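Residue numbers (the working numbering), protein chains in the order written: chain Z, 210 to 563; chain Y, 210 to 563; chain L, 210 to 563; chain B, 210 to 563.
4 protein chains.
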Amino acid sequence: MNKKTTLDGKLSIGSDSLPHKSFQQRLADRRRGSSTLVEQEEKREDLGFGTKINDSSSRLVNKDGSFNVVRAHQGFWNQVNLYHTLITMPWPKFLSLVFTFYISSNTLFATFYGLLGYDHLVGLSNVTPDTTLGRFMGAFFFSSQTLTTVGYGHISPMGYWTSGLAAIESMFGLLLFAMATGLMYGRFSRPVASIRYSATSIFAPYLDINGWMFRIINQRTNQLIDVQVEVSLSRLEKKADGMLYRRYYPLKLERSKVNFFPANWTLVHPITDESPLYGCTAEQLAESDAEFLILLRGIEDTFNQAVHSRYSYRFDEVRWGAKFRPMYTGTDKGSRASLIDLDQLDETDPAELN
Amino acid sequence: MNKKTTLDGKLSIGSDSLPHKSFQQRLADRRRGSSTLVEQEEKREDLGFGTKINDSSSRLVNKDGSFNVVRAHQGFWNQVNLYHTLITMPWPKFLSLVFTFYISSNTLFATFYGLLGYDHLVGLSNVTPDTTLGRFMGAFFFSSQTLTTVGYGHISPMGYWTSGLAAIESMFGLLLFAMATGLMYGRFSRPVASIRYSATSIFAPYLDINGWMFRIINQRTNQLIDVQVEVSLSRLEKKADGMLYRRYYPLKLERSKVNFFPANWTLVHPITDESPLYGCTAEQLAESDAEFLILLRGIEDTFNQAVHSRYSYRFDEVRWGAKFRPMYTGTDKGSRASLIDLDQLDETDPAELN
Amino acid sequence: MNKKTTLDGKLSIGSDSLPHKSFQQRLADRRRGSSTLVEQEEKREDLGFGTKINDSSSRLVNKDGSFNVVRAHQGFWNQVNLYHTLITMPWPKFLSLVFTFYISSNTLFATFYGLLGYDHLVGLSNVTPDTTLGRFMGAFFFSSQTLTTVGYGHISPMGYWTSGLAAIESMFGLLLFAMATGLMYGRFSRPVASIRYSATSIFAPYLDINGWMFRIINQRTNQLIDVQVEVSLSRLEKKADGMLYRRYYPLKLERSKVNFFPANWTLVHPITDESPLYGCTAEQLAESDAEFLILLRGIEDTFNQAVHSRYSYRFDEVRWGAKFRPMYTGTDKGSRASLIDLDQLDETDPAELN
Amino acid sequence: MNKKTTLDGKLSIGSDSLPHKSFQQRLADRRRGSSTLVEQEEKREDLGFGTKINDSSSRLVNKDGSFNVVRAHQGFWNQVNLYHTLITMPWPKFLSLVFTFYISSNTLFATFYGLLGYDHLVGLSNVTPDTTLGRFMGAFFFSSQTLTTVGYGHISPMGYWTSGLAAIESMFGLLLFAMATGLMYGRFSRPVASIRYSATSIFAPYLDINGWMFRIINQRTNQLIDVQVEVSLSRLEKKADGMLYRRYYPLKLERSKVNFFPANWTLVHPITDESPLYGCTAEQLAESDAEFLILLRGIEDTFNQAVHSRYSYRFDEVRWGAKFRPMYTGTDKGSRASLIDLDQLDETDPAELN
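Structure follows, in structure tokens:
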């Protein structure tokens, strides 16, 4: 009961933010120019998703940290955003794309050389048989030797047009290659924080009360420093007008920043009576379509670049009455270093809540 | 009426900032060393344009975010600022420039080879006809093969001078290419926030008062986080000395920072009685040559780089009594993701002001 | 004596943070939802190592600034983290790696060419003797000429398969080279603060009390600006439950930030009675396995990049009753510039403590 | 007179910071562990130069912003810091260095080829005369064709050793080139704020008191935003012990930050009675070896990089009783843009001080 009213309490607060004022009142307000509503509005948390996104079956942030939003009528070029795509696509895809591009460019140029006449490619017949396919393949190989500027010269262009085309192709090759280099470096040096989040967040006993917790590790060998984490609770609330609105509450963390992040880190939101989760139940989390939004920021060690990572836990990714199994497993015999077992990340043990 | 006086009020405040003190007062001030004027001056907002720019027909910030300022006697090299130009020019222009440069370099070197004697280029006659043009074109092709280091070798340099020139050209080619690569990568990795601003800003009803609003979207697919916006009102005011001075007022926003920027964002300046826009009319905006200056900052997601965007609305780019049409159009059937229609950005509907 | 009690004092404070409350109290707390423990916990310093790392023989931060932590079950790819490794490895190792890679790639491709038949490499016999080794070496050289795109052409591929393989190898070569370029630039432009720390930290007389001090210099010629330093004391403390826990205390510095860092800088923690080191002895430092953790941040001048440096002094790297020998040795005759002798960095002279 | 005492006032404050306490007092202090000296010390400004640098004839910051400090016994490699040098050296020097390196590498390799026997370079005699010089030059050209991977092939290596050397050289060439590319890009993308400071700073009438002023412009076309400036006064002061110590005072600016920096900016330190310059004379500036240290920070527009600039005015670079001539010269007829004349930067007109 008590709990229910608590939630109602919140909801009524929510509904307060759009009361129905008498005309006189509004007139008075306008004369004063001041507005209590404005002050309330300014207090309201908003992460940038807005209040309208109230479909209770869709999540806000996907597992990979991207936003669960589709944009209609986005301009084609803005949609493809070539560089962004080429930088973020996985290596195998990237390399096969490069290869495909290489093959097709050569095919294209080979065709052009054919149109200008194969006989302008001196030495072709020494390389490939004097058939249609043979000549084409010869032109193809010549093209590849030009594009990559390897230029053996056992096939060589003759006459204005063929020589000209070769001159253009070699320059084109250099530009392509310049781009490839840029992309390679871009892919390499792109700052990414590969944080692994515990499979589920938990409601666990914490000191003499309870806390909502999740655990993270840095998967990479390069260190992160100055890591800070922000957590927000997003949920639907019914306003006086009966409509569902999405509201956001920052969740205060016991510790939201660490200088070093050498091993694992358990983040704890203590459920005090100021917490929006105070006295909340699993059912309420579900019915209010609750989602915990996480934003992590840090500095990557190798290049001293700022990195960040997004994640979210939905109401059904929360375990009640559990505690994380420790990952620190003593000291490594050889190096006398502290030993952390990353496999323990997701492990929890049941624990009675306070 | 009331409104007029309000504006006068402002202007008189403006004029207050340079009162005429008696000699005694100033003497006293100097003895005290303290100065009320200094305190006032420190309070005055200044974005960096200064107060002198008071020609009412010129705008401060252009649509593309550049400043509407011309600098006389700027040193030539500072003016061209080669790298900056090559990085920021559009792709077609950049590529055609590269091409032109390639052609002209080859023409130049071909001429040099000619001066050293075409007969030092062995094999020339097999490639191009033995005419003046033919020989020149042959040298041109040889040059291109050297510059791009494709070096087929069916034309090859002979003798000290021609070989030496070829050696220099090939090195020169490598350097050029190194530059090209640098430029390519520079153009790629340059952090830009391609924010699209609503065509007009609006005066709209907001809660129980009114607000000045504009709306933005992120045109790109790569996300922006930690987006914050600063808005200033710039307008001319008549001081006691009758001169027009440009003054700047920060406009307090209902919400000036969001963690995430997945979709659209409507920025609202509530017109409370503290607002410099309180009780302001379209006529007054026009006569005071008002301009709304916007500075947006954020972090681009792919490379975690700081980006920013400038924009400005002039008095004639403001619509009175309108509200923006919602861009959130429910949930995408397939992906269950929230659906945003970017085409709605500029759409407004008439709305009665409070 | 007095000192001993002081340390006990600290320890008991430590133990305070987990008192044994009566069931009634905890019930009350829970009803209140408030928790004094939570407040205490929030106050507790934690750099990110956690309290569990309590093996008194292992250090937290290694001399090179890396963390003394071993991670079990780390995914293979995360462990190698190729780019990170290639960027951070010393130059000789990097270059020899490149060389090895070059040799082995050529060996591999030479084998392939052999499988496709050496007779498809025209001109081989003019380059190397017509023996098994000779032919293989010839193919090896041809491969190197293809990989580097030098392509003399005195050896040239014939037929579909060999030409095709050559086409692939030349593209492969370009990609490799693109990577090499990226790595080169990455290694070059990587921001590193090569700070040298004095061999030992000292307890020295400071004004009318004592201070714990260490001294640093910037080893490089490129300047650092906005340098700030954070120092924490980490030590083991016995809690009421008799267990050892590692606790962290920030050490307040007389001056923790400088705009410029042109020469040397002595950092001083004044041992006032608020200091956790107040009245502390060498024995106590040792028995509590004390370690001074240092984090330095700054801006590197050439590229205006943020850089940082970690270091730590353990209890046995502290000298009692000493003072640093000045490094400023007057003015350089020629340039009239201030003269700093870097060799003095580690030099100390005995000094009686207050 | 009054002024003189003022300065004395300051000096005595300076001397206050090291009073002579009775043994009792110091004992008491130590017992208390608290220290008034510590508090005073913490208040003292220090930019990082320290107090010892008290040779009155040497300046702290050079005109180019570098620090006027010489470091003895700096390790060789730290001193050269190759990358830093190659990035910061002027273009002509850089390019001639590249050229020299190119020539000498080829000379070196040519010698090696000679040692392995010129007869292993097939086709040499067709390129250069069959003399000692001729053969060497031929080898030189072959080397250049290998290093740049142009590889015409009219000269080609024969036999194991020569072919092997060529294989190594071509790889070596690629690495060199990769470095060159890295350097090129580094030089291009290096963030520099080319701020021009007015030749002299001035003491000018400011509102109803006086102010110390200097003026800056951005020489480049790419914009700076969020520009902030810190100014400190550094001067020698005599302490009670008769020694000269260098002390630093921050100078409060009327406006120390602007969002935009489209044109020129005059920075003003109002000389109120809180100012360390209050009632100061030219003689006093000189005798106390005063130097105004300036640190400017901003964000460069094209790449959104942080940039900074250092500068300093010594006592003899200050003009008394002058005011800057305005640089804003109305509106450009064509573009209707505000017109700024950069040539006016250093221009001042005499002005009577308040």
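Backbone N, C-alpha and C fix where the C-beta goes; we use that ideal spot for every residue, glycine too.
Computed from a prediction, not measured in an experiment: that's the story for all the values here.
Counting only runs of 4 or more residues that sit fully inside the stretch 505-562 of chain Z, no alpha helix (DSSP H) segment turns up.
Here the alpha carbons of Gly257/Z and Trp474/Y stand approximately 7 angstroms from one another. With respect to the 9 angstroms criterion, Glu526/Y and Thr409/Y are classified as neighbours on the basis of their beta carbons. Fewer than three beta-carbon pairs drawn from the stretch 404-422 of chain B and the stretch 417-433 of chain L are found closer than 8 angstroms, and the two stretches are therefore not classed as touching. The shortest CA-to-CA distance from Lys448/B to any of Ser497/B, Phe310/B, Ser365/B and Leu486/B is the one to Ser497/B.
A direct Cα-Cα distance of roughly 13 angstroms separates Thr481/L from Ala413/L. At a cut-off of 9 angstroms between beta-carbon atoms, Leu505/Y makes no contact with chain B. Taking the Cα positions, Trp370/B is about 14 angstroms away from Phe351/L. Approximately 7 angstroms separates the beta-carbon atoms of Val436/Z and Leu505/Z; this is inside 8 angstroms, confirming the contact. Listed in chain order, the beta strand (DSSP E) runs fully inside the stretch 417-457 of chain Z are 418-427 and 433-447, counting runs of at least 3 residues.
Under the three-state reduction of DSSP, His329/Y is assigned to helix. Minimum Cα-Cα distance from Asn315/B among the listed residues Arg396/B, Lys272/B, Met346/B and Leu392/B corresponds to Met346/B. Membership of Ser410/Z in the beta strand (DSSP E) is indicated by the continuous run Ser410 to Tyr415.
Considering only Glu250/L, Val477/L and Leu385/L, the residue with the shortest C-alpha distance to Ile411/L is Val477/L. With respect to the 9 angstroms criterion, Leu502/Z and Ser443/Z are classified as neighbours on the basis of their beta carbons.
Ranking Ser372/Z, Ser267/Z, Ala319/Z and Arg396/Z by CA distance to the CA of Leu295/Z puts Arg396/Z first.
For the C-beta of Gly360/B, the chain Y residues within less than 7 angstroms are, from N- to C-terminus, Gly360. Leaving aside the five residues that flank Ala495/B on each side, the residues in its chain whose CB is nearer than 8 angstroms to its CB run, in chain order, Phe524 and Asp525. Distances from the alpha-carbon of Leu324/Y to those of Gly332/Y, Leu374/Y and Gly360/Y put Leu374/Y closest. Under the 10 Å beta carbon count, Gly326/B is surrounded by fewer than 16 other beta carbons and is classified as exposed. Taking 9 angstroms as the threshold, the shortest C-beta distance from Gly368/L to chain Z falls below it. Look at Arg464/B: its C-beta is under 9 angstroms from a C-beta on chain Y. Its Cα nearest to that of Ile434/Z, the residue Ser275/L stands out among Ser334/L, Ser275/L, Ser403/L and Arg268/L. Shown here, Pro338/Y sits in coil according to DSSP, grouped into three states, outside any helix or strand. Looking at Gly343/Y, Arg280/Y, Gly530/Y and Arg405/Y, the one whose alpha-carbon comes closest to that of Ser518/Y is Arg405/Y. Within the stretch 510-522 of chain L, the residues whose Cβ lies closer than 7 angstroms to some Cβ of chain B are Thr511, Phe512 and Asn513, listed in chain order.
One Cα belongs to Tyr522/Y, the other to Glu500/Y, and the distance between them is close to 6 angstroms. DSSP lists Ser441/Z and Ser521/Z as the beta-bridge partner residues of Leu502/Z. Within chain Z, the C-beta atoms nearer than 8 angstroms to that of Pro400/L come from Phe512 and Asn513, in chain order. Leu445/B is the residue among Ser407/B, Gly451/B, Leu445/B and Ser484/B whose C-alpha sits nearest the C-alpha of Ser267/B. DSSP places Phe469/Y inside the beta strand (DSSP E), whose first and last residues are Lys466 to Phe469. By the CB criterion at 9 angstroms, Val401/B and Leu548/L fall outside the cutoff. Chain order gives no chain Z residues near Val331/Y, where near means a beta carbon separation below 8 angstroms; the closest approach is about 12 angstroms.
Of Arg344/L, Phe349/L, Asp339/L and Phe303/L, the smallest CA-CA separation from Ser313/L is found for Phe349/L. Arg396/B sits in a helix when the DSSP states are folded into three classes. DSSP, read as helix, strand or coil, puts Glu463/L in coil.
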